[in-house]
Amino acid sequence: MPKISACIWADGWAEEAADLYAALFPDAAIGEIARFSKDGAELHGQTDGSVMVVELTLGGQAFTLLNGGRMFSPNPAMSFFVFINDKAEIDRLWTALIDGGRARMELGSYPWCEHYGWVEDRFGVSWQLMMADPGALGQTIVPALMFTQGAAGKAEEAMARYGAVLGGFRPIEVSHYPPGTGANEGLLMHGQYKIAGQAFIAFDSPMDHGFGFTPGQSLQVYPAGQAETDRIWGALTHVPEAEQCGWLCDAYGLSWQVIPEGFSDYINGPDKAGQARARQAMFAMKKLDIAALKAAYEG
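Each number in this note's numbering comes from the position in the sequence shown (counting from 1) with 64 added on.
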C-alpha cells in the first residue's frame with residue numbers, strides 16, 4: 065500500500081467519481097470498496113449498505129473517495145497536476161472534466177507551459193492539466209497543496225516538516241516569486257518535492273481566495289504498527305478539537321488521517337458483527353488504537 069494517499073470527501077458520489085476517473089486517467093485501477101454499517105450511515109447521513117469508501121490509483125497516485133455527507137467538500141487548496149506530453153490527450157481530459165464543471169484557468173498557452181488548463185470538475189475536484197513529462201516526479205498525477213489564507217508563506221516550511229515526519233524529503237525543483245511581485249515576493253511560486261518517496265507540488269498564495277485547507281481533502285498515511293502511529297500523530301496534530309477517528313489537523317491547517325497497518329482488517333473485515341463492533345469502537349477514538357480495534361472485532 066502506498067505510504068501517502070489523497071482522500072476526497074464526497075456526498076454520495078464517491079463511486080460515480082471513481083468510475084469516471086478510472087475511465088479517464090492512465091494507469092487507473094479501482095481497489096477496495098467498503099459499505100456503511102447502520103451506525104456509520106446514520107452518523108454521515110447516508111443509507112445503510114451504501115458505498116462508504118472507494119480506493120483507487122490513478123497515474124501512480126493513490127486516492128480514497130469517502131462518502132462523508134454534506135459537512136465538507138473539496139476545494140482548490142488541494143488540486144492534482146496531470147502531466148501528459150500529448151496535446152490531444154490533454155484536450156480529451158479537459159473536455160471530459162469540464163462537463164458539468166468550470167474552468168479556473170482556461171486551457172491554452174502560458175509562459176510556463178505551451179498547453180495548460182486548471183479545471184474544477186462536476187464534483188468540485190480540481191485538476192491542473194499540463195502538456196509535459198513528469199520528469200523526476202515520476203508520477204503522471206501529483207497532489208498539489210496551495211498554502212493560502214493563514215498558511216501563506218509557510219509552504220516550504222510545511223513540506224520540509226512533512227518530509228522529516230514521514231521519512232524522506234527531497235526538493236526536485238523550487239522557484240520563488242521575483243522582486244517586484246508585491247505580496248508574493250520571495251514566496252514559493254512552485255515547488256516539486258519527493259516526500260517519503262512520493263511526489264508532491266506546493267506553492268504559496270497570499271491572495272484572499274475564500275478557501276483554504278479543510279477536511280474536504282486530506283492526506284492519509286499508513287504507519288506500520290502502533291508505535292509509528294503514535295509518533296506520526298504526535299508530530300503532526302495541532303488542533304485538539306479536530307482529532308477524531310484517526311483524523312487530525314496540522315499546524316498549517318491541512319487534514320491528515322493516520323491509519324495503522326491492519327486497520328481495514330477490522331473495520332472492513334469479513335465478520336459483519338465484528339466489523340460493526342470495530343467501527344463502533346473507532347467512533348469513540350481520536351488517535352486510532354489498533355489493539356483496541358482488534359479486540360472489538362474479535363468480541
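Note that the Cβ used here is the ideal one computed from N, Cα and C, for glycine as well.
- Go ahead and pull the three-state DSSP assignment for N248. One-based indexing of the sequence shown puts residue 248 at position 184. Correct three-state label for N248: helix.
- Message: Which of the three DSSP states is assigned to M65 in this structure?
- Response: Locating residue 65 in the sequence shown gives position 1, where the first residue counts as 1. Because M65 sits at a pLDDT of 42, beneath the cut-off of 50, its placement in the model cannot be relied upon, and the point is left open.
- Item | Spatial distance of L84 from A348 (CA atoms) | The residue you call residue 84 lines up with position 20 of the sequence shown. The residue you call residue 348 lines up with position 284 of the sequence shown. About 34 Å.
- On the three-pair Cβ rule with 8 Å, is the region 202-212 touching the region 142-159? Contact between the region 202-212 and the region 142-159 is present: 3 or more CB-CB pairs across the two stretches fall below 8 Å.
- Message: Can you tell me where the beta strand (DSSP E) holding F327 begins and where it ends?
- Response: Residue mapping note: residue 327 aligns to position 263 of the sequence shown, counting from 1. F327 -> not in any beta strand (DSSP E); alpha helix (DSSP H) instead, spanning F327 to I331.
- Task: Measure the beta-carbon distance from G109 to R343 and round it to whole angstroms, keeping in mind my assumption that it falls under 8 Å.
- Result: If you number the sequence shown from 1, residue 109 lands on position 45. If you number the sequence shown from 1, residue 343 lands on position 279. At roughly 16 Å, the Cβ-Cβ gap does not stay under 8 Å, so G109 and R343 are not in contact.
- Message: DSSP has V229 in a bridge; who is on the other side?
- Response: Residue mapping note: residue 229 aligns to position 165 of the sequence shown, counting from 1. None, per the DSSP bridge assignment.
- Coarse secondary structure for W77, derived from DSSP in three states: Counting from 1 along the sequence shown, the entry for residue 77 is found at position 13. Coil.
- Query: Just the Cα atoms here: how many angstroms apart are C71 and T212?
  - Reply: Counted from its first residue, the sequence shown places residue 71 at position 7. Counted from its first residue, the sequence shown places residue 212 at position 148. The alpha-carbon atoms of C71 and T212 are separated by roughly 20 Å.
- Spatial distance of G326 from I354 (CA atoms): In the sequence shown, counting from the first residue as 1, residue 326 sits at position 262. In the sequence shown, counting from the first residue as 1, residue 354 sits at position 290. Distance from the CA of G326 to the CA of I354, rounded to the nearest whole angstrom, comes to 7 Å.
- Item | Selection from A82, K351, A315 and Q290 that minimises the alpha carbon distance to R225 | Locating residue 225 in the sequence shown gives position 161, where the first residue counts as 1. With distances taken between Cα atoms, R225 lies closest to A315.
- W297 lies in the alpha helix (DSSP H); which residues open and close that run? Counting from 1 along the sequence shown, the entry for residue 297 is found at position 233. Note, W297: alpha helix (DSSP H), Q290 to L300.
- Message: Just to confirm my understanding: we take C309, look at its own chain, exclude 5 residues before and 5 after, and list those with CB closer than 7 Å. What are they?
- Response: Your numbering for residue 309 matches position 245 in the sequence shown. Only M346, F347 and M349 meet the Cβ criterion.
- Query: So, helix, strand or coil for F275, using DSSP?
  - Reply: Here residue 275 refers to the residue found at position 211 of the sequence shown. It is coil, neither helix nor strand.
- Query: Which class does F187 belong to by DSSP, given the choice of helix, strand or coil?
  - Reply: In the sequence shown, the residue the question calls residue 187 occupies position 123. Coil, per DSSP.
- Query: If you check the beta carbons only, do L251 and Y241 fall under 8 Å apart?
  - Reply: As a working mapping, residue 251 is identified with position 187 in the sequence shown. As a working mapping, residue 241 is identified with position 177 in the sequence shown. Contact flag set, yes.
- Query: Can you tell me where the beta strand (DSSP E) with G338 in it begins and where it stops?
  - Reply: Stepping through the sequence shown from its first residue, residue 338 is reached at position 274. Note, G338: premise wrong, no beta strand (DSSP E); alpha helix (DSSP H) at K336 to F347.
- Using alpha carbons as the reference points, say which of A82, E80 and E96 lies closest to K328. If you number the sequence shown from 1, residue 328 lands on position 264. Here residue 328 turns out to be Ser, not Lys, going by the sequence shown. When each option's Cα is compared against that of S328, the closest is E96.
- Item | Distance between K151 and A69 (C-alpha atoms, nearest Å) | The residue you call residue 69 lines up with position 5 of the sequence shown. The residue you call residue 151 lines up with position 87 of the sequence shown. According to the sequence provided, residue 69 is Ser. The question's Ala does not apply to it. So the alpha carbons of these two residues sit roughly 28 Å apart.
- Ignoring anything shorter than 3 residues or poking outside the region 86-152, list the beta strand (DSSP E) runs there in chain order. The qualifying runs are 93-99, 115-122, 125-131 and 142-147.
- Task: Just grab the DSSP bridge partners of R166 for me.
- Result: Numbered from 1 along the sequence shown, position 102 holds the residue referred to as residue 166. R166 pairs with E184.
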